[in-house]
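All remarks here apply to the structure that follows.
Right under this line is the structure:
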């Protein structure tokens, strides 16, 4: 336990050593956060239980990409607290948001990960249903709503991001930035099917290294969360891999096709356009393509809905959206927005 100061403010944050007894962990966050805790759980299997009633401590991994995600995190934590009357350790990105007031039964937990740990049991950390899919059904089909990569093996190649997109705070919430050395993970790669390279922002060096490994061992992989500028720098390698049938799914968060919005988001317009062209090429070669966009983005007081489904369908097999969030969490406002976007489904 220590007093922590970051760009969001000051607060007490707990370390993994502070968590007493048996642990029940559940993730309402992204695959990158989930795989972090999975690495720790697999290195300490004797401490983790799959039944919350057997736990001494409960960990909820939270997200803060939007106020809707934060509201969902809080509701997951409240439900578990109400059921067990146990304190909750809130991990993930939400834990670092010192500016967001958490209920008194929630303690903030620092980033928890075990570097280089193979994930043998993915059920040691429960994966919450995606709250944004109202009628979610678990499926092995990655194109079913909410199932993209959900049943894939998360090969943890790194964490953190050095980008400076105006809407994003990942560089401040994901802990120490690191890149795993690809050659040290070959055995793990070969041990599992449906591998997705998992990081907050895979680098050019990493992707090129993994393209070489895939060719050498004639084994395919997928890529999650590769930014447009990094994607285009790997064009030659990715096209070759696709031609060999060794590239399964490419997820590249373009966020928008609109030049004005991309500029306002502090994203590279030229590289985004190049990435879209490359993604179309990859799709024509049989690669499944996926993206994220931000809807209802405000620029100088003007609202851009930013939801062109026809254009999205031209480029991507799968896409998901987040409503723009200014970073200032208001519980009552979040509840109103949750009803609008999720319950009433007003995205389109």
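Residue numbers (this note's numbering): 3 to 350.
In this text, a Cβ means the ideal position worked out from N, Cα and C, and glycines have one as well.
query	result
Beta carbon of residue 209, beta carbon of residue 186: below 8 Å?	no
Would you kindly report the start and end of the unbroken beta strand (DSSP E) that includes residue 212?	Where residue 212 is concerned, there is no enclosing beta strand (DSSP E), although the alpha helix (DSSP H) it sits in stretches over 206–219.
Does DSSP classify residue 285 as helix, strand or coil?	helix
Please list, in chain order, all residues of the same chain as residue 239 whose beta carbon is under 6 Å from its beta carbon, the five residues on each side excluded.	210 and 213
Give a yes or no on contact between the stretch 79–99 and the stretch 51–71, applying the rule of three or more CB pairs nearer than 8 Å.	yes
Looking at the unbroken beta strand (DSSP E) that takes in residue 305, where does it start and where does it end?	304–306
From residue 146 to residue 109, what distance separates their C-alpha atoms?	35 Å
Can you tell me which residues form a DSSP beta bridge with residue 161?	180
If you reduce the DSSP assignment to three classes, tell me which class residue 41 lands in.	helix
Flag residue 174 as yes if its beta-carbon sits less than 8 Å from any beta-carbon of chain D, otherwise no.	Reference to chain D is not applicable here, since this structure consists of a single protein chain.
Kindly list the residues whose CB is nearer than 8 Å to the CB of residue 126, restricted to its own chain and excluding five residues on each side of it in sequence; keep chain order.	27, 40, 43, 44, 47, 50 and 52
Relative to the C-alpha of residue 162, which candidate in 324, 321, 309 and 38 has its C-alpha closest?	38
For residue 292, tell me which candidate among 241, 128 and 277 has the shortest Cα-Cα distance.	277
Round the Cβ separation of residue 96 and residue 122 to the nearest angstrom and send it over; I've been treating them as touching at under 8 Å.	Not quite, the Cβ-Cβ distance comes to about 27 Å (not below 8 Å), so this is no contact.
Apply the 10 Å Cβ neighbour rule to residue 267 and answer buried if 16 or more other Cβ atoms are within range, or exposed otherwise.	buried
Please classify residue 118: is it buried, with 16 or more other beta-carbons within 10 angstroms of its beta-carbon, or exposed?	exposed
How many Å lie between residue 259 and residue 318 at the Cα?	13 Å
Taking only the alpha-carbon atoms, compute the straight-line gap between residue 128 and residue 207 and give it to the nearest angstrom.	32 Å
Taking the alpha helix (DSSP H) that residue 85 falls in, what are its first and last residues?	69–86
Assuming residue 354 is part of the beta strand (DSSP E), what are its boundary residues?	Examination of residue 354 is not possible in this model, given that the chain is present from 3 through 350 alone.
With DSSP as the reference, please indicate the residues paired to residue 323 in a beta bridge.	295
Do you know offhand how far residue 328's Cα is from residue 246's?	43 Å
With H, G and I counted as helix, E and B as strand and the rest as coil, what does DSSP make of residue 50?	strand
May I ask which residues mark the beginning and end of the beta strand (DSSP E) holding residue 4?	4–8
The alpha helix (DSSP H) spanning residue 124 covers which residue range?	That residue, residue 124, is in no alpha helix (DSSP H); it is neither H nor E in DSSP.
What are the boundary residues of the alpha helix (DSSP H) that includes residue 185?	It is not in any alpha helix (DSSP H) - residue 185 carries neither H nor E in the DSSP assignment.
Out of 67, 271 and 190, which one is the CA nearest neighbour of residue 219?	190
Between the Cα of residue 274 and those of 255, 287, 9 and 76, spot the shortest distance and give me the residue it belongs to.	255
Around the C-beta of residue 180, are 16 or more other C-beta atoms found within 10 angstroms, so that it is buried, or is it exposed?	exposed
Which residues does DSSP pair with residue 27 in a beta bridge?	61 and 127
Answer yes if the stretch 12–19 comes into contact with the stretch 137–154, meaning at least three C-beta pairs across the two stretches below 8 Å, and no otherwise.	no
Whole angstroms are fine: how far does the CA of residue 343 sit from the CA of residue 337?	10 Å
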